[in-house]
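These notes are about the structure you will find just below.
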Amino acid sequence: MTYVIAAPCVADYSCVEICPADCIGPHPSSPEFDTAEQLYIDPARCISCGACVGACPVDAIFRHDELPQRWRHYAEVNRQHFAAVSG
Amino acid sequence: MEHSRAIAIVGAGPAGAYALQHVLDRAPFPVEIDLYDRQPVPWGLVRHGVAADHQDKKRIIDRAFEPLMRDSRVRFLGGVEVGSASGFDDLRAAYDAVICAVGADGDNRLHIPGEDLPGSWSSREFVGWCNGDPRHARHAVALSGERAVIIGNGNVALDIARLLLRPASDLGTTDIADHALDVLAKSTIREVVIAARRGPRDAAFHNPEREEFGLLEDLDVAVAPSIGALEEALGDPDLPGGTRRKLETLHALALRPQRGTKRLIFRFFAAPAAICGTETVTGIRLAASSEPLESELPESELPCDIVIRATGYRGTPRPGLPFDPETRVVPTQQGRVIGSSGVISGLYATGWARRGCKGVIGSNRKCAGEVVNAILDDLAGVSFSTERAAQRAAFRRRFEASDAVLDKAGWWALDRAERLRGLQRGSPRVKFTSAGQMVQAGRIGR
Chain A
1 MTYVIAAPCV
11 ADYSCVEICP
21 ADCIGPHPSS
31 PEFDTAEQLY
41 IDPARCISCG
51 ACVGACPVDA
61 IFRHDELPQR
71 WRHYAEVNRQ
81 HFAAVSG
Chain B
1 MEHSRAIAIV
11 GAGPAGAYAL
21 QHVLDRAPFP
31 VEIDLYDRQP
41 VPWGLVRHGV
51 AADHQDKKRI
61 IDRAFEPLMR
71 DSRVRFLGGV
81 EVGSASGFDD
91 LRAAYDAVIC
101 AVGADGDNRL
111 HIPGEDLPGS
121 WSSREFVGWC
131 NGDPRHARHA
141 VALSGERAVI
151 IGNGNVALDI
161 ARLLLRPASD
171 LGTTDIADHA
181 LDVLAKSTIR
191 EVVIAARRGP
201 RDAAFHNPER
211 EEFGLLEDLD
221 VAVAPSIGAL
231 EEALGDPDLP
241 GGTRRKLETL
251 HALALRPQRG
261 TKRLIFRFFA
271 APAAICGTET
281 VTGIRLAASS
291 EPLESELPES
301 ELPCDIVIRA
311 TGYRGTPRPG
321 LPFDPETRVV
331 PTQQGRVIGS
341 SGVISGLYAT
351 GWARRGCKGV
361 IGSNRKCAGE
371 VVNAILDDLA
381 GVSFSTERAA
391 QRAAFRRRFE
401 ASDAVLDKAG
411 WWALDRAERL
421 RGLQRGSPRV
431 KFTSAGQMVQ
441 AGRIGR
């Protein structure tokens, strides 16, 4: 189980600040943040606490199984972001 | 008790709003902040720039920005243009710190014949018109003919294309301006061409914006000069992952069976040579740009009645602020403004005015964080100044007495009035679209 950041994300990074598992990136202190389209949650490290959901000011974060139909593929998009970074 | 530091923020768009957020959250001493905007309404491009069908992004106003305004340390002064009657120097004489968050007023021009014909619009004008920006609400935008051509393929270009191709009935539940909804409802446009000089690898749009076209049912998507341009890029193993995803889904969209009544064409390697027409736009001539693919794209004229230039924004010099003509920003070091003889004390810049016109809404939060670090360091040692306090009081009295300026109570009255009008239409709000209407609504209801 994981949470997923979908299309409305504006990279406000309140989620990064509240996340106890440090699993959201790119971190604002990194240069990648400056060219990122959005932020992503690493499903391998997410502990599903859900704190990010309330912190997000545009309601861009969903539990993996509660993603709206049109954004279902964002689960894979979030996973792929970290696969590319580490691979 | 420690004295309060007085800060002026000029510009209440996301840059200024995030600076305000950082100050309120982090100041270790008492602060009073006056938030200025040249419009009677706050929130800048989040109100007047974000596409009407992106209501989710606009939630940031109610969730992150409005709570800042409710803080008792904050005053709002809407309808004050800093730099005309009072300049930045005057503000520096009245506040302990002045943050310039004025964004960027300039457009990247094409420098081609016909660019200023009626029917040729900058994205600033067109988007402002759609969103009820008082400076653009009265443009005579006509959506006649069957085709619209948009120059540039960034997110703004795609937002405009989507608004032109979406059924107008979809837009009735958004906060799009009434006049735009009327014109869109009568639009005869069935084809939008998004033309860009460079190839697919350099396409500037983001994935979410491109995905949204896949959700419009009656729409066919095509790629020109040919789909080979996409396939060539996708065949490159070194193509970055984010670009790959963008191009893969564009490729998939373009391969769908074509049976819609509306068309969106992504045209690559096409540079605008001239906009045609004598009294108004009748077409646009596109020429092959410097990287032709498999075949030369001859100069071709596309008939259309409207051309929209979505080629990006640029900073412009402002009275009372230093300006770097190369980078087109206010020169800064860690957010402190640099003039001809070094750091200008008490003057800071954040947002597009500091960074240039790039990034997303949240980029301003990071930028403002850096600038507020410098401000809080500098303000720690600042002592109370009776002269500055007296100047400040004089400013506030003058603006509060003005018929053209709204305070936060006035903004909230205006906001309530817009939301009430929205209830009648079934949308979040129906905007007032002239400064006069705004100020009147703000004063009546407070």
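Line order of the protein sequences matches chains A and B. Quick note: the first sequence uses this note's numbering, first residue 1, plus one each step. Quick note: the second sequence uses this note's numbering, first residue 1, plus one each step. All residues carry an ideal CB built from backbone N, CA and C; glycine is no exception. None of the values given here were measured: they were computed from a predicted structure.
Check whether residue i and residue j have beta carbons under 7 Å apart
i, j, result
"B:V102", "B:G49", "no"
"A:I47", "A:Y3", "no"
"A:V10", "A:V53", "no"
"B:V382", "B:D34", "no"
"B:I160", "B:I308", "yes"
"B:R328", "B:R318", "no"
"B:N131", "B:I194", "no"
"B:P211", "B:R263", "The displayed chain sequence assigns Glu, not Pro, to residue 211 of chain B. Cβ atoms of B:E211 and B:R263: not closer than 7 Å."
"B:T173", "B:G426", "yes"
"B:T350", "B:A374", "no"
"B:A476", "B:R392", "Residue 476 of chain B lies beyond the residue range present for chain B, which begins at 1 and ends at 446; the question has no answer from this structure."
"B:V23", "B:V10", "no"
"A:E32", "A:P26", "yes"
"B:V80", "B:V405", "yes"
"A:P8", "B:K358", "no"
"B:A8", "B:G114", "no"
"B:A168", "B:L184", "yes"
"B:L302", "B:V149", "yes"
"B:L219", "B:H251", "no"
"B:Y348", "B:G335", "yes"
"B:V281", "B:L423", "no"
"B:D175", "B:R429", "yes"
Residues that residue i contacts on chain A, provided the C-beta gap is smaller than 8 Å
i, result
"B:G242", "E37"
"B:R63", "P57 and V58"
"B:L215", "R70"
"B:G426", "None at all; the shortest Cβ gap to chain A is about 21 Å."
Endpoints, the alpha helix (DSSP H) within which residue i is located
i, result
"B:Y95", "Per DSSP, B:Y95 belongs to no alpha helix (DSSP H) and is neither H nor E."
"B:K431", "No alpha helix (DSSP H) holds B:K431; DSSP gives it neither H nor E."
"B:F395", "T386 to A401"
"B:D407", "Per DSSP, B:D407 belongs to no alpha helix (DSSP H) and is neither H nor E."
"B:D378", "S363 to A380"
"B:A19", "P14 to R26"
Start-to-end residues for the beta strand (DSSP E) that takes in residue i
i, result
"B:C276", "A270 to C276"
"B:G346", "G342 to A349"
"B:F126", "B:F126 -> not in any beta strand (DSSP E); alpha helix (DSSP H) instead, spanning S123 to C130."
"B:L77", "V74 to G78"
"B:L165", "No beta strand (DSSP E) holds B:L165; the alpha helix (DSSP H) holding it covers N155 to L165."
"B:V82", "Counting along the chain, B:V82 falls outside any beta strand (DSSP E), and DSSP gives it neither H nor E."
Separation of residue j from residue i, as counted between CA atoms
i, j, result
"B:P292", "B:D202", "Note on B:P292: pLDDT 49, under 50, position unreliable in the model; no value is reported."
"B:F269", "B:L110", "15 Å"
"B:D377", "B:V330", "21 Å"
"B:F395", "B:A104", "25 Å"
"B:N207", "A:E37", "8 Å"
"B:K431", "B:A157", "23 Å"
"B:E294", "B:A287", "Legend: pLDDT at B:E294 = 45, less than 50; position of this residue unreliable, value from coordinates given subsequently. If you take the alpha carbons of B:E294 and B:A287, they lie about 15 Å apart."
"A:G87", "B:R47", "Reliability fails at A:G87, whose pLDDT of 44 lies under 50, so the model's placement of it is uncertain and the value that follows must be treated cautiously. For A:G87 and B:R47, the distance between alpha carbons rounds to 40 Å."
"B:L321", "B:T311", "25 Å"
"A:P28", "B:E66", "23 Å"
"A:G50", "A:P43", "13 Å"
"A:A6", "B:S341", "47 Å"
"B:S4", "B:I306", "53 Å"
"B:A12", "B:E326", "26 Å"
"B:S226", "B:P200", "11 Å"
"A:W71", "B:G119", "36 Å"
"B:D37", "B:G242", "37 Å"
"B:G106", "B:A6", "31 Å"
"B:W411", "B:R73", "16 Å"
"B:A196", "B:I265", "11 Å"
"A:T35", "A:C56", "20 Å"
Proximal chain B residues relative to residue i, where beta-carbon distance stays under 7 Å
i, result
"A:V22", "The sequence given here has Asp at residue 22 of chain A, not Val. Within 7 Å Cβ-Cβ: nothing; A:D22 doesn't reach chain B, min ~17 Å."
"A:F82", "Under the 7 Å cutoff, chain B gives no residues; its nearest Cβ is about 11 Å from A:F82."
"A:P26", "Per Cβ cutoff of 7 Å: no residues; A:P26 is ~11 Å from chain B at best."
Contacts of residue i in chain A (Cβ-Cβ under 7 Å)
i, result
"B:R365", "D12 and Y13"
"B:H206", "E37"
"B:G359", "D34"
9 Å Cβ cut-off: residues of chain B touching residue i
i, result
"A:F33", "G362, S363 and K366"
"A:P8", "H54, D56, K57, R59 and P208"
query: According to a CB-to-CB cut-off of less than 7 Å, which residues of the segment 48-59 of chain B neighbour chain A?
result: Residues passing the 7 Å Cβ filter: D56, K57 and R59.
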